[in-house]
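Chains as they are written, first to last, in the numbering used here: chain H, 1 to 158; chain X, 1 to 158.
All residues carry an ideal CB built from backbone N, CA and C; glycine is no exception.
Presented below is the structure to which this report refers.
Right under this line is the structure:
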């Protein structure tokens, strides 16, 4: 996790890729989104999606996992460089989440972010707020997922 | 699933409740959001949340499950009444998702929605669009989760 002072608008971070398989799509859907087009290949073929596809919440949860893994790797790399990184702050929520296209069984989605705004916190001088567009792109280069995130980022100790 | 014509602004639907346990919080987090305050009680006590709490994506996925169960029950009740219900349409996404308070192990969250706007689809005469505020309230009456949803709803056949 970088410090607020190290970030600039336009910075892109690549979080990594997630393979949506028939198995993990169905497993997630059985617990959290048991609709026919997320559970059953034949029913999905007859649905308006035309094939077995992931719950939108699965697409979102997989993105979260990639972000957490990315932040952990950054954190550990900082430790390895002899720095004392601070953990990131919580996210108060996000805006404009869009499931732009279905994510089908067999699709690989690559998640990334681009910083769109950086704002000092008026009330919490030890934190800044980072606004970023998070996107997920499939193996055909099609954007399937996006949202606008905001997160508290630690400022450099003075 | 009711028809578009049967809905009106202000209609409230109760989707049901979900109990967040230590076990299901940790299980979700291990797969999708492995941060210390979602994984480990001791680490969580030392975090700014002050206790083991659910991933925001878990709060969202549990809400989806309750909505799907609710819609299924509505669908089956319509079948039982001798009606021929249509399945609901897809959701194009949502806006303004907020995790307002932490959801701690042991909390029960009750999800509901209130219709805020109904719009005919200009391009798809067989569908209307329903806008609703979805909320999650814990056992103390505190709102912990909300977002603004939109969904295509079938219109009554003419």
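Could you tell me which residues DSSP puts in a beta bridge with residue 93 of chain X?
Locating residue 93 of chain X in the second chain gives position 93, where the first residue counts as 1. In the DSSP secondary-structure assignment, residue 93 of chain X is bridged to H/98.
Taking the alpha carbon of residue 113 of chain X as the reference point, which residue from X/82, X/124 and X/67 has its own alpha carbon closest?
Numbered from 1 along the second chain, position 113 holds the residue referred to as residue 113 of chain X. Residue nearest to residue 113 of chain X within the set X/82, X/124 and X/67 is X/67 (criterion: CA-CA distance).
Would you say residue 154 of chain X lies against chain H (beta-carbon separation less than 8 Å)?
For the purposes of this step, residue 154 of chain X is taken as residue 154 along the second chain, with counting starting at 1. No, residue 154 of chain X does not count as interfacial toward chain H.
Ordered along the chain, which non-local residues of its own chain (more than five positions away) have a Cβ less than 8 Å from that of residue 2 of chain X?
The residue labelled residue 2 of chain X in the question sits at position 2 within the second chain. Same-chain partners within the cutoff: 74 and 153.
Could you please give me the residues that DSSP links to residue 108 of chain H through a beta bridge?
For the purposes of this step, residue 108 of chain H is taken as residue 108 along the first chain, with counting starting at 1. As DSSP reads the structure, residue 108 of chain H sits in a beta bridge with H/19.
For chain H, check one thing: does any of its Cβ atoms lie closer than 8 Å to the Cβ of residue 62 of chain X?
Indexing the second chain from 1 puts residue 62 of chain X at position 62. Yes, contact with chain H.
When you compare the CB of residue 34 of chain X with every CB in chain H, is at least one pair closer than 8 Å?
On the second chain, residue 34 of chain X is found 34 positions in, with the first residue counted as 1. Closer than 8 Å to some Cβ of chain H, the Cβ of residue 34 of chain X qualifies, so yes.
Alpha-carbon to alpha-carbon, residue 110 of chain H and residue 80 of chain X:
For the purposes of this step, residue 80 of chain X is taken as the residue at position 80 of the second chain. For the purposes of this step, residue 110 of chain H is taken as the residue at position 110 of the first chain. Whole-angstrom Cα-Cα distance: 44 Å.
Neighbouring residues, chain X, relative to residue 137 of chain H (Cβ below 7 Å):
Sequence index remark: in the first chain, residue 137 of chain H carries index 137 (1-based). Within chain X, no residue comes near residue 137 of chain H; the closest Cβ sits about 16 Å away, beyond 7 Å.
Counting pairs of beta carbons, one from the stretch 123-132 of chain X and one from the stretch 4-12 of chain X, are three or more of them closer than 8 Å?
The answer is yes - the stretch 4-12 of chain X touches the stretch 123-132 of chain X, with three or more Cβ pairs under 8 Å.
What separation, rounded to the nearest whole angstrom, lies between the Cα atoms of residue 12 of chain H and residue 115 of chain H?
Position 12 of the first chain, counted from the first residue, corresponds to residue 12 of chain H. Position 115 of the first chain, counted from the first residue, corresponds to residue 115 of chain H. Distance between the alpha carbons of residue 12 of chain H and residue 115 of chain H: 7 Å.
Use the C-beta contact count for residue 27 of chain X: other C-beta atoms within 10 angstroms, 16 or more gives buried, fewer gives exposed.
Residue numbering aside, residue 27 of chain X sits at position 27 when the second chain is read from its first letter. Exposed is the call here.
Any chain X beta carbon closer than 8 Å to residue 143 of chain H
Counting from one through the first chain, the residue named residue 143 of chain H turns up at place 143. Output row for residue 143 of chain H: interface = no.
May I ask you to report which of helix, strand or coil DSSP gives residue 32 of chain H?
Position 32 of the first chain, counted from the start, is the residue given in the question as residue 32 of chain H. The answer is helix: DSSP assigns residue 32 of chain H an H, G or I state.
Between residue 57 of chain X and residue 33 of chain X, is the Cβ-Cβ spacing less than 8 Å?
The residue labelled residue 57 of chain X in the question sits at position 57 within the second chain. The residue labelled residue 33 of chain X in the question sits at position 33 within the second chain. Annotated as proximal: residue 57 of chain X and residue 33 of chain X, with beta-carbon spacing under 8 Å.
Can you look up residue 9 of chain H in the DSSP assignment and give me helix, strand or coil?
On the first chain, residue 9 of chain H is found 9 positions in, with the first residue counted as 1. The three-state reading of DSSP puts residue 9 of chain H in coil, since its state is none of H, G, I, E or B.
Counting only Cβ-Cβ distances shorter than 7 Å, please list the residues of the stretch 64-76 of chain H near chain X, keeping chain order.
Listed by position, the residues of the stretch 64-76 of chain H near chain X (Cβ gap below 7 Å) are 64, 65 and 68.
Cβ separation of residue 107 of chain X and residue 20 of chain X, assumed to be a contact under 8 Å, to the nearest whole Å:
In the second chain, counting from the first residue as 1, residue 107 of chain X sits at position 107. In the second chain, counting from the first residue as 1, residue 20 of chain X sits at position 20. Confirmed, Cβ separation roughly 5 Å.
Where residue 128 of chain H sits in the DSSP three-state scheme
Within the first chain, residue 128 of chain H is the residue found at index 128, counting from 1. Looking at residue 128 of chain H - three-state DSSP - the assignment turns out to be strand.
Same chain, Cβ closer than 6 Å to residue 62 of chain H, five either side skipped, listed in chain order
By one-based count along the first chain, residue 62 of chain H stands at place 62. Once the five neighbours on either side are set aside, the close Cβ partners of residue 62 of chain H are 18.
Just to make sure I have the definition right: I need the residues of chain X whose C-beta is within less than 8 Å of the C-beta of residue 57 of chain H. Which are they?
Looking up residue 57 of chain H in the first chain gives position 57. What residue 57 of chain H touches in chain X: 57, 60, 61 and 64.
Best match in X/123, X/122 and X/93 for proximity to residue 151 of chain X [C-alpha to C-alpha]
Numbered from its first residue, the second chain carries residue 151 of chain X at position 151. Residue 151 of chain X has its Cα closest to that of X/93, out of X/123, X/122 and X/93.
Let me know the beta strand (DSSP E) ranges lying completely inside the stretch 50-86 of chain X, each 3 residues or longer, listed in chain order.
Entirely contained in the stretch 50-86 of chain X, not one beta strand (DSSP E) run reaches 3 residues.
Using the three-state DSSP reduction, which class does residue 117 of chain X fall into: helix, strand or coil?
Within the second chain, numbered from 1, the residue matching residue 117 of chain X stands at position 117. Reduced to three states, the DSSP call for residue 117 of chain X is strand.
Please name the residue or residues paired with residue 151 of chain H in a DSSP beta bridge.
Counted from its first residue, the first chain places residue 151 of chain H at position 151. Note: residue 151 of chain H is bridge-paired with H/130 in the DSSP secondary-structure output.
Give me the Cα-Cα distance between residue 155 of chain X and residue 132 of chain X, rounded to the nearest whole angstrom.
Looking up residue 155 of chain X in the second chain gives position 155. Looking up residue 132 of chain X in the second chain gives position 132. If I take the Cα positions, the gap works out to 17 Å.
To the nearest angstrom, how far is the alpha carbon of residue 84 of chain H from that of residue 78 of chain H?
Taking the first residue of the first chain as 1, we reach residue 84 of chain H at position 84. Taking the first residue of the first chain as 1, we reach residue 78 of chain H at position 78. Pairing residue 84 of chain H with residue 78 of chain H, the inter-Cα distance amounts to about 7 Å.
Straight-line CA distance for residue 134 of chain X to residue 118 of chain X?
If you number the second chain from 1, residue 134 of chain X lands on position 134. If you number the second chain from 1, residue 118 of chain X lands on position 118. One C-alpha to the other measures close to 15 Å.
Roughly how many angstroms lie between the CA atoms of residue 159 of chain H and residue 146 of chain X, to the nearest whole one?
In the structure displayed, chain H extends from 1 to 158; residue 159 of chain H sits before or after that span and is not available.
Spatial neighbours of residue 97 of chain X in its chain, beta-carbon cut-off 6 Å, leaving aside the 5 residues before and after:
As a first step, residue 97 of chain X is located in the second chain; it is residue number 97 there, counting from the start. Excluding residues within five positions, the ones whose Cβ falls inside 6 Å are 147.
Cβ neighbour criterion (16 or more within 10 Å) applied to residue 65 of chain X
Walking along the second chain from the start, residue 65 of chain X turns up at place 65. Residue 65 of chain X should be labelled buried.
Excluding sequence positions up to five away, which residues of its chain have a Cβ less than 6 Å from the Cβ of residue 47 of chain X?
Here residue 47 of chain X refers to the residue found at position 47 when the second chain is read from its first residue. Cβ within range, chain order: 37.
CA nearest to the CA of residue 22 of chain X, picked from X/35, X/16 and X/53
Reading the second chain from its first residue, position 22 is the one you call residue 22 of chain X. Ranking the options by Cα distance to residue 22 of chain X, first place goes to X/53.
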